[in-house]
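Engineer: A single structure is presented below for examination.
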Amino acid sequence: MSKEIGKCLCGNIEVECDELPKVSVACYCEDCQKASGGGASYNIVIPDDDIRILKGIPSIYNVLAESGNKVERLFCSDCGSAICSKLISRTVWKAGLFSHLKDIQVSTNVWASRANKLCKVDTDKTTFEEAS
Ligand SMILES: [Zn+2]
Ligand SMILES: [Zn+2]
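Structural data, given as structure tokens:
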């Protein structure tokens, strides 16, 4: 397997992933709409042991998600790119960090009930109206 390098827009934050899953979870919650620029955010669940930050220190925005759970949203303080979100049970990494984006597809939709008209929810995939 080959290691995959991920970067924020400015390149000041760099991550290394041992084996990048080729599936992502699209989240349409209102926080993700704000953070992503209006549509969904695309999140890849990666076990902590499989990914590490090689370069840079992300800033952290703490927020209470609509689910009522605490979420730490990590982002690059230089360019504003979202890096990952630490949920209670797992950390999800933004698909946009990685260069092989065209190989990654959505496997699951969450918070579909909050989706706006900017993006269409592909309900052929596993879809949850709220959190999974
Ligand atoms: Zn950056
Ligand atoms: Zn969300």
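Start counting the sequence shown at 7; every next residue gets the next number (the numbering used here). Beta carbons are placed, not taken as given, at the ideal position from N, Cα and C, and that holds for glycine. This structure is a prediction, so every number in the text was calculated from the model and none was measured.
Under 8 Å by Cβ, that's how I've got CYS16 and CYS82 pegged, so tell me the actual separation to the nearest angstrom.
Structural biologist: Contact flag correct, Cβ pair sits at about 6 Å.
Engineer: Could you say if the segment 45-55 and the segment 68-84 meet the contact criterion of at least three C-beta pairs nearer than 8 Å?
Structural biologist: In short, these stretches do not touch, since the Cβ pair count stays below three.
Engineer: May I have the straight-line CA-CA distance separating VAL98 from LYS92, to the nearest angstrom?
Structural biologist: One C-alpha to the other measures close to 6 Å.
Engineer: List the DSSP bridge partners of ASN122.
Structural biologist: For ASN122, which the question treats as bridged, DSSP gives no partner whatsoever.
Engineer: Can you check which of these residues, LYS28, SER47, GLY62, SER8, is closest to VAL21 by C-alpha distance?
Structural biologist: The shortest C-alpha separation from VAL21 is found at GLY62.
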